[in-house]
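Chains as they are written, first to last, in my numbering: chain A, 1 to 281; chain B, 1001 to 1107.
Structure first, then comments.
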């Protein structure tokens, strides 16, 4: 697919969209919208991992690059969480997708997905969060810390920081870091995202659709899984052993299996009780 | 099939033709970065040599499908690779994949 303008008005933005249909012209059983993470991420993280298999399993798969990311338009401003959620709303309207969709979000993409489910419960069949949190007070604090570090260490000392990353993490990671620094330097994203309005506990509790939360057991976010589980006791929390934050890239097969179990069943997966150590039964 | 109108009726699609096709598609992507005179061989690596980001490979996947039709499923091919293999992916490996897909289609 191609570039799609979210609305005709001046507030519209051109987003890069890719859509994979089930093979052989089979009609899809459901639609899944896959939302990627911040800064170094793009729809490629899904396109080259779980998306082909989701489509092969009969799902109409919609992927897009968030504003400022990948091949989508990069305006200077308007990077609050609400702007990303509005992009999703308008894009689904543009694509004339009216039946409830499954939302899959990696990291910040899951934060966008969850907020959309709060805004539009009637349009969401299920939410799958991969290494992700809803936009609560603690999320806002964490993301503000991340951006403060990023601006302080990477953007303000870019040449030295990139040389260090290149020496210690390799050229590939350095290239990703350079593109992240460019986004932070040329837009207001580092100010806008931490200043986003957050959800109240009541709003988080209001979500009625099935919620799957996948974590790498070794990631920092795994230690915060209890926050969501305590607000939404029906959340199916799954912890993948030996995995960190990059679980979608590192263990796509495991993530795919979980997504299929969640998306494949009509009405989503029933809530699964979570053991004390966090393993889904 | 889109292929029948574009390719001469030979029994086997040869790697040299496919390499030329893919090199042309890659130059279109690289052109956007102002890089227009890079040599592309079977050994050229997408990430290390061409500095393509994964989103550029999505664009390449679209070009491949537009040219060869859906039997060349680059997304599924890459999805079967390990992360390290994707980072080290060469043009030659993609050429082999395309040749295999096209010849399978004919048999």
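Quick reminder that beta carbons are idealized off the backbone N, C-alpha and C, glycines included.
Run down chain B in chain order and give the residues with a C-beta less than 8 Å from the C-beta of residue i.
{"i": "residue 49(A)", "result": "1079"}
Give the range of the beta strand (DSSP E) segment to which residue i is assigned.
{"i": "residue 63(A)", "result": "59-64"}
{"i": "residue 237(A)", "result": "236-240"}
{"i": "residue 215(A)", "result": "211-216"}
{"i": "residue 34(A)", "result": "30-35"}
{"i": "residue 289(A)", "result": "As shown, chain A starts at 1 and ends at 281. That puts residue 289(A) outside it, with no answer to give."}
{"i": "residue 104(A)", "result": "101-106"}
{"i": "residue 16(A)", "result": "14-20"}
Output, in chain order, the set of chain B residues within a Cβ distance shorter than 7 Å of residue i.
{"i": "residue 161(A)", "result": "Going along chain B, no residue has its Cβ under 7 Å from residue 161(A), so there is no contact; the nearest lies around 19 Å."}
For a contact meaning CB atoms closer than 9 Å, what does residue i contact in chain B?
{"i": "residue 172(A)", "result": "1047, 1048, 1087"}
{"i": "residue 53(A)", "result": "1076, 1079"}
{"i": "residue 175(A)", "result": "1047, 1051, 1053"}
Using a Cβ cut-off of 7 Å, pull out every chain A residue sitting near residue i, in sequence order please.
{"i": "residue 1083(B)", "result": "249, 250"}
{"i": "residue 1098(B)", "result": "Under the 7 Å cutoff, chain A gives no residues; its nearest Cβ is about 16 Å from residue 1098(B)."}
{"i": "residue 1029(B)", "result": "Here the premise fails: no neighbours, minimum Cβ distance about 11 Å."}
Let me make sure I understand the geometry here. Which of the options has the alpha-carbon closest to that of residue i?
{"i": "residue 244(A)", "options": "156(A), 170(A), 132(A), 178(A)", "result": "132(A)"}
{"i": "residue 1062(B)", "options": "31(A), 181(A), 143(A), 17(A)", "result": "17(A)"}
{"i": "residue 3(A)", "options": "64(A), 55(A), 52(A), 99(A)", "result": "64(A)"}
{"i": "residue 1058(B)", "options": "33(A), 78(A), 19(A), 256(A)", "result": "19(A)"}
{"i": "residue 1081(B)", "options": "186(A), 103(A), 47(A)", "result": "47(A)"}
{"i": "residue 288(A)", "options": "156(A), 127(A), 11(A)", "result": "The displayed coordinates of chain A run from 1 to 281. Any statement about residue 288(A) would go beyond what the structure contains."}
{"i": "residue 182(A)", "options": "206(A), 263(A), 136(A), 69(A)", "result": "69(A)"}
{"i": "residue 81(A)", "options": "120(A), 74(A), 94(A), 38(A)", "result": "38(A)"}
{"i": "residue 203(A)", "options": "137(A), 264(A), 14(A), 8(A)", "result": "137(A)"}
{"i": "residue 110(A)", "options": "224(A), 31(A), 144(A), 35(A)", "result": "35(A)"}
{"i": "residue 176(A)", "options": "1098(B), 1047(B), 1030(B), 1104(B)", "result": "1047(B)"}
{"i": "residue 145(A)", "options": "195(A), 157(A), 101(A)", "result": "195(A)"}
{"i": "residue 115(A)", "options": "98(A), 86(A), 143(A)", "result": "86(A)"}
{"i": "residue 61(A)", "options": "92(A), 67(A), 72(A), 83(A)", "result": "92(A)"}
{"i": "residue 1042(B)", "options": "1083(B), 1030(B), 1060(B), 1017(B)", "result": "1017(B)"}
{"i": "residue 147(A)", "options": "168(A), 113(A), 167(A), 188(A)", "result": "188(A)"}
{"i": "residue 5(A)", "options": "51(A), 67(A), 57(A), 40(A)", "result": "67(A)"}
{"i": "residue 228(A)", "options": "150(A), 250(A), 139(A), 246(A)", "result": "139(A)"}
{"i": "residue 98(A)", "options": "164(A), 174(A), 88(A), 105(A)", "result": "88(A)"}
{"i": "residue 242(A)", "options": "230(A), 252(A), 219(A)", "result": "219(A)"}
{"i": "residue 73(A)", "options": "112(A), 217(A), 186(A), 123(A)", "result": "186(A)"}
Against residue i, what residues of chain A qualify as contacts under a CB-to-CB distance less than 9 Å, listed in chain order?
{"i": "residue 1055(B)", "result": "16, 42, 43, 44, 47, 65, 69, 70, 71"}
{"i": "residue 1013(B)", "result": "Those within 9 Å of residue 1013(B) in chain A number zero; the least Cβ separation is about 22 Å."}
Starting from residue i, trace the alpha helix (DSSP H) in both directions and tell me its first and last residue.
{"i": "residue 1097(B)", "result": "1091-1106"}
{"i": "residue 91(A)", "result": "81-94"}
{"i": "residue 4(A)", "result": "It is not in any alpha helix (DSSP H) - residue 4(A) instead sits in the beta strand (DSSP E) that spans 3-5."}
{"i": "residue 148(A)", "result": "137-149"}
{"i": "residue 168(A)", "result": "158-169"}
{"i": "residue 126(A)", "result": "Unbroken run through residue 126(A) is the beta strand (DSSP E), 124-130; no alpha helix (DSSP H)."}
{"i": "residue 245(A)", "result": "Unbroken run through residue 245(A): none, as it is neither H nor E."}
{"i": "residue 9(A)", "result": "From DSSP, residue 9(A) is part of no alpha helix (DSSP H); its letter is neither H nor E."}
{"i": "residue 1065(B)", "result": "1054-1068"}
{"i": "residue 1042(B)", "result": "Unbroken run through residue 1042(B): none, as it is neither H nor E."}
{"i": "residue 1087(B)", "result": "1083-1087"}
{"i": "residue 1017(B)", "result": "1015-1031"}
{"i": "residue 71(A)", "result": "That residue, residue 71(A), is in no alpha helix (DSSP H); it is neither H nor E in DSSP."}
{"i": "residue 262(A)", "result": "252-264"}
{"i": "residue 192(A)", "result": "189-192"}
{"i": "residue 230(A)", "result": "225-231"}
{"i": "residue 48(A)", "result": "Taken as a continuous stretch (DSSP letters only), residue 48(A) belongs to no alpha helix (DSSP H), as it is neither H nor E."}
Under 8 Å between beta-carbons, which chain C residues line up against residue i? List them in chain order, please.
{"i": "residue 1073(B)", "result": "Reference to chain C is not applicable here, since the protein chains of this structure are A and B."}
Is it true that the CB of residue j sits closer than 8 Å to the CB of residue i?
{"i": "residue 22(A)", "j": "residue 49(A)", "result": "no"}
{"i": "residue 255(A)", "j": "residue 248(A)", "result": "yes"}
{"i": "residue 1044(B)", "j": "residue 1035(B)", "result": "no"}
{"i": "residue 192(A)", "j": "residue 76(A)", "result": "no"}
{"i": "residue 213(A)", "j": "residue 129(A)", "result": "yes"}
{"i": "residue 1022(B)", "j": "residue 1095(B)", "result": "yes"}
{"i": "residue 208(A)", "j": "residue 134(A)", "result": "no"}
{"i": "residue 232(A)", "j": "residue 211(A)", "result": "yes"}
{"i": "residue 159(A)", "j": "residue 153(A)", "result": "no"}
{"i": "residue 51(A)", "j": "residue 264(A)", "result": "no"}
{"i": "residue 31(A)", "j": "residue 101(A)", "result": "yes"}
{"i": "residue 33(A)", "j": "residue 259(A)", "result": "no"}
{"i": "residue 1087(B)", "j": "residue 1078(B)", "result": "no"}
{"i": "residue 40(A)", "j": "residue 180(A)", "result": "yes"}
Can you list the residues of chain A that residue i reaches, using a CB-CB cut of under 8 Å?
{"i": "residue 1095(B)", "result": "By Cβ distance, chain A contributes nothing, its closest Cβ being about 18 Å from residue 1095(B), past 8 Å."}
{"i": "residue 1091(B)", "result": "By Cβ distance, chain A contributes nothing, its closest Cβ being about 17 Å from residue 1091(B), past 8 Å."}
{"i": "residue 1018(B)", "result": "Near residue 1018(B) there are no residues of chain A at all, since even the closest Cβ is about 20 Å away, more than 8 Å."}
Members of the stretch 91-105 of chain A that neighbour chain B once the beta carbon cut-off is set at 8 Å: Within the stretch 91-105 of chain A, contact with chain B at the beta-carbon level (separation under 8 Å) is assigned to no residue.
Contact list for the stretch 180-208 of chain A against chain B, Cβ threshold 9 Å: Listed in chain order, the positions of the stretch 180-208 of chain A with a beta carbon within less than 9 Å of a beta carbon of chain B would be empty, since no residue qualifies.
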